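Heads up: the structure comes next, in C-alpha cells.
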Amino acid sequence: MPGPNLAPPNGASALQIEVDVNLKAYNTFGLPAVARRLVRVREAADVRRVVDHPELGRAPKFVLGGGSNLVLTKDLDPLVLKVEITGIRLLETREDAWIVEVGAGERWHDVVAWTLDNGYPGLENLALIPGTAGAAPVQNIGAYGLEIKDRIESVAVMDLVTGRPALLPAEVCRFGYRDSVFKHSDFGGLADKSVITHVRLRLPRPWVPVLGYLELERRMLETGNTHPDARTIFDWICAIRRAKLPDPAVIGNAGSFFKNPVVTAEQCRDIISRDPGIVHYPMPDGSVKLAAGWMIDACGWKGKTVGGAAVYEKQALVLVNKGDARGAEVVTLARAIQESVYGRFGIRLEPEPVVL
C-alpha cells in the first residue's frame, strides 16, 4: 500500500514509502509476512536519501533482494529496503578477462544468460540459481564445481550509516562456503550495515570449462561430447536442475535448504564404515564434503510434511511450500530433519536460508 512521500531535507527526489506491504510475492518460499514500511531502491542514490532522511535514517533496516534465501516467520518491523537496481554492461575488456558490471536487482539467471548471449562465458555452471545478482556474493552462491567468489572482481556497496559508497575488492569480502562478510554483523562484518548496489564480475579469458562434477561427467559420457562449449554446459545444467529442483514460480521453495557439511577425512571414513553408500566429495585441502540431500533421504524424510511445509519428493535437500505453509512450519520441519540426521550420522546440518 503506498504511503506518504517523504522528501529529504537536501531537496533530493522524494522517497515513496509503502506501508503494510504483503511480502508473500517477494520471497520465493511464498511465505506470508508483512513489511510495516518498505522503500524500493532503484538507484544507489536512493540509499543516500534514506540515510539522510531525519526519520528513516535512524530506523532499523532490512535489505531485501529476490527473497530466494529467506524464511519469514513473522512480520518485519524494520524499514525494508527492496533492492531493484537494474542494468548489465561490459565495463572493461582486459587481456585476461572481461569485467561485467551488474545491478544488484537483476535476476541472477538473466545475468548468466546475458553474458553467454554477448560472448562472455564463465558463469554457465551457475545457471538457474534463484535470486538476484546482489544476493549472489552475500551467499557466495555455488553449483557444479564453481562458486561466485571465483568470478567476483569487486562489490559496490552503500554504507547505511554514512550513505557513502565503497568498492570492495573480492579479497576483502571474506568469501567462504555459502558465506561472506555480508552475512555477519560482528568482527567487521557488513550485515545490516551496507547495501550492495552493483557487482563486478571477472570472466577469465581464455575461457576454461569447469567440468569436474559427477553429473557433468555423466553427461559427457552419455553424449560423447568430451569438449562441451559454454552454451552446452549451460543447457546441461539447466536440464539437470529442472529435473530435480522445483521452479519457485510453481512450488514455493528457497533452493537447497541445508549446506553440504564438510568433515575431516577421518570423520568421513568413520561414516563410510557405517554407511558405505554415502555420497561424498574429497576437497583440495584434504577435507571431505558430504551430500546433505543423501543423508536426509537416508533418514526417510523425502515427501514428509509438517503442515503446509514438505520435503520435496524429487530432492530431499529442498523444502517446499505445498501452498499454505507458514514460516514456523518450515522451521519445525527443518529442525526435525537436523535432529534426525544428527542422530544417525553425528552431523549437524546448517541451514542455508536466513530465518527471520
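The UniProt record's numbering numbers the first residue of the sequence shown as 1 and each following residue consecutively. All residues carry an ideal CB built from backbone N, CA and C; glycine is no exception. In this text the structure is predicted, and so the values were computed from the model without any measurement.
Taking the alpha-carbon positions, what's the ASP229 to ALA334 distance?
39 Å
For SER185, which residues in the same chain have their Cβ closer than 6 Å to its Cβ, ignoring the five residues on either side in sequence?
ALA191 and ASP192
Let me know the secondary structure DSSP gives ASN10 once reduced to three states.
Low confidence applies here, because ASN10 scores a pLDDT of 46, under 50, leaving its location unreliable; read the following figure in that light. Coil at ASN10, not helix or strand.
Identify whether LYS289 lies in helix, strand or coil by the three-state DSSP scheme.
strand
If you measure between the beta carbons of ALA328 and LEU319, is that distance less than 9 Å?
no
Which residue's Cα is closest to the Cα of LYS244: GLN315, LYS304 and SER273?
GLN315
Can the beta-carbon of ALA104 be found less than 9 Å from the beta-carbon of ALA133?
yes
My parser needs the alpha helix (DSSP H) runs of 4 or more residues fully inside the region 16-96; what are they?
44-52
Going by DSSP, what residue range makes up the alpha helix (DSSP H) through TYR342?
327-345
Measuring only the C-alpha atoms, how far is ASN5 from LEU76?
The pLDDT assigned to ASN5 is 46, lower than 50, so where the model puts this residue is not dependable; a value taken from the coordinates is nonetheless given after this. If you take the alpha carbons of ASN5 and LEU76, they lie about 21 Å apart.
Checking 9 Å against the spacing of the C-beta atoms, do ASP20 and ALA35 come in under that value?
yes
Go through its chain and collect everything with a Cβ distance to ASP287's Cβ below 8 Å, but skip five positions before and after it.
The amino acid at residue 287 is misidentified as Asp; the sequence shows Ser. Counting only Cβ-Cβ distances below 8 Å, and skipping sequence neighbours, we find VAL262, VAL263, THR264 and ALA265.
On a CA-only basis, which of VAL330, SER340, ASN22 and GLY346 is nearest GLU352? Give me that one, please.
VAL330
Buried or exposed for MET283, please, with buried defined as at least 16 other CB atoms from any protein chain shown within 10 angstroms of its CB.
exposed
I think residue 425 touches TRP294, with their Cβ atoms under 8 Å apart; what is that distance to the nearest whole Å?
The structure shown has nothing for residue 425, since the chain only spans 1 to 356.
Cβ-based burial, ARG218 [other Cβ within 10 Å; buried from 16]:
exposed
Helix, strand or coil for GLU147 per DSSP?
strand
Can you tell me which of PRO137, ASP110 and ASN118 puts its alpha carbon nearest to the alpha carbon of LEU128?
ASP110
Does the ligand NAD have a heavy atom nearer than 8 Å to the CB of ARG274?
As for the ligand NAD, it is missing from this structure, which has no ligand bound.
Within its chain, find whatever has a CB closer than 7 Å to the CB of THR73; leave out the 5 residues flanking it on each side and keep chain order.
GLY327, ALA328, VAL331, VAL355 and LEU356
How many Å lie between THR93 and ALA298 at the Cα?
48 Å
For GLY3, the three-state DSSP class (helix, strand or coil):
Legend: pLDDT at GLY3 = 49, less than 50; position of this residue unreliable, value from coordinates given subsequently. GLY3 falls in the strand class under three-state DSSP.
Which residues bound the beta strand (DSSP E) around ALA310?
309-311
Proximal residues to PHE345 (C-beta, below 7 Å), its chain only, five neighbours per side dropped:
ILE271 and MET295
Spatial neighbours of LEU167 in its chain, beta-carbon cut-off 6 Å, leaving aside the 5 residues before and after:
SER154 and ALA156
Would you decide whether PRO248 is buried or exposed? Buried here means 16 or more other CB atoms lie within 10 Å of its CB.
buried
Distance CB(VAL210)-CB(ILE233) smaller than 9 Å:
yes
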